[in-house]
Amino acid sequence: MKKWNKEDSKRLASLKYVTDNDNIRIKEIIKQKLLENDDIIHVLNNKKLQSEEAENDEYFGVNIRPYYIIPETQTDVQNYICFTVGYENVERNFTNSSRMYNDLQKHLHVVFVILCEQKNIKDEDTGIARHDLLAALIQDQFNYSNFFGRTIQLISDNESVVDAKYLCRTLIFSQVTDNNVTKTQYGKPTRIANKEITY
5 MKKWNKEDSK RLASLKYVTD NDNIRIKEII KQKLLENDDI IHVLNNKKLQ
55 SEEAENDEYF GVNIRPYYII PETQTDVQNY ICFTVGYENV ERNFTNSSRM
105 YNDLQKHLHV VFVILCEQKN IKDEDTGIAR HDLLAALIQD QFNYSNFFGR
155 TIQLISDNES VVDAKYLCRT LIFSQVTDNN VTKTQYGKPT RIANKEITY
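Encoded structure:
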């Protein structure tokens with residue numbers, strides 16, 4: 005294995021901004037939008053970070069997570085916004101014998117899982133259940149926005165209980181988007197990819 009250098013790190017970090025890796029790019033957009041929202045940061049109610057007058061970006065990886073997993077053991081009451089990104093093919097045509105798929109488009113699904121500890125479920129300022137209030141703030145920010153290039157909309161909003169400790173609200177947003185039709189190599193211009201192009 006070759007020796008790792010700063011240029012290698014820059015090359016990997018550039019994946020946050022290229023259009024052909026939707027998972028990383030879209031999670032980066034979600035991260036920025038959540039961290040810019042002071043209402044969401046306030047309602048997350050992290051007493052430790054609030055007492056330290058922490059910057060919004062310090063909530064990332066603590067209360068705001070780009071994956072659906074939380075620590076098993078905690079000393080402080082915590083509330084979480086976890087988010088994931090997934091895709092499905094867009095059906096182009098349906099016949100009795102086979103399904104055809106649109107090669108150029110796919111359905112993007114952005115899933116927010118809001119987990120709030122039962123001990124801390126009531127927001128002191130509003131009296132609203134914290135998981136419902138966070139869901140309303142996320143819906144207000146993302147529903148019918150075009151942060152990901154096209155209009156995304158809320159298609160599912162469900163409440164559940166994860167265990168005896170956490171109440172949960174799951175929001176699913178969906179939009180039709182391009183199906184990875186570009187190819188970007190570090191330091192080179194982005195090209196439209198098709199079956200003819202090889203690198």
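Going letter by letter, the sequence shown gives residues 5 to 203 in this note's numbering. Where is the CB? At the ideal position from N, CA and C, for every residue including glycine.
Looking at the structure shown, is valine 81 part of a helix, part of a strand, or coil, going by DSSP? The residue labelled residue 81 in the question sits at position 77 within the sequence shown. Looking at valine 81 - three-state DSSP - the assignment turns out to be coil, as it is neither helix nor strand.
Nearest to serine 178 by CA position, among Glu32, Val115, Glu121 and Ala168, is which residue? Taking the first residue of the sequence shown as 1, we reach residue 178 at position 174. Nearest C-alpha to serine 178: Val115.
Residue range of the alpha helix (DSSP H) that includes asparagine 27: Here residue 27 corresponds to residue number 23 of the sequence shown, with the count starting at 1. Run containing asparagine 27: 26–40, per the alpha helix (DSSP H) assignment.
Within 10 angstroms of the Cβ of lysine 52, are there 16 or more other Cβ atoms? Answer buried if so, exposed if not. Indexing the sequence shown from 1 puts residue 52 at position 48. It counts as exposed.
Backbone CA spacing between glutamine 145 and aspartate 161 [nearest angstrom]: Taking the sequence shown and counting its residues from 1, the one referred to as residue 145 is at position 141. Taking the sequence shown and counting its residues from 1, the one referred to as residue 161 is at position 157. Each residue's Cα considered, the two are about 15 Å apart.
For aspartate 144, report the span of its alpha helix (DSSP H) as first-last. Numbered from its first residue, the sequence shown carries residue 144 at position 140. First-last of the alpha helix (DSSP H) with aspartate 144: 134–146.
Determine the DSSP secondary structure at isoleucine 73, reduced to helix, strand or coil. Looking up residue 73 in the sequence shown gives position 69. Coil, per DSSP.
Within 10 angstroms of its Cβ, does proline 75 collect 16 or more other Cβ (buried), or is it exposed? Residue mapping note: residue 75 aligns to position 71 of the sequence shown, counting from 1. Flag for proline 75 reads exposed.
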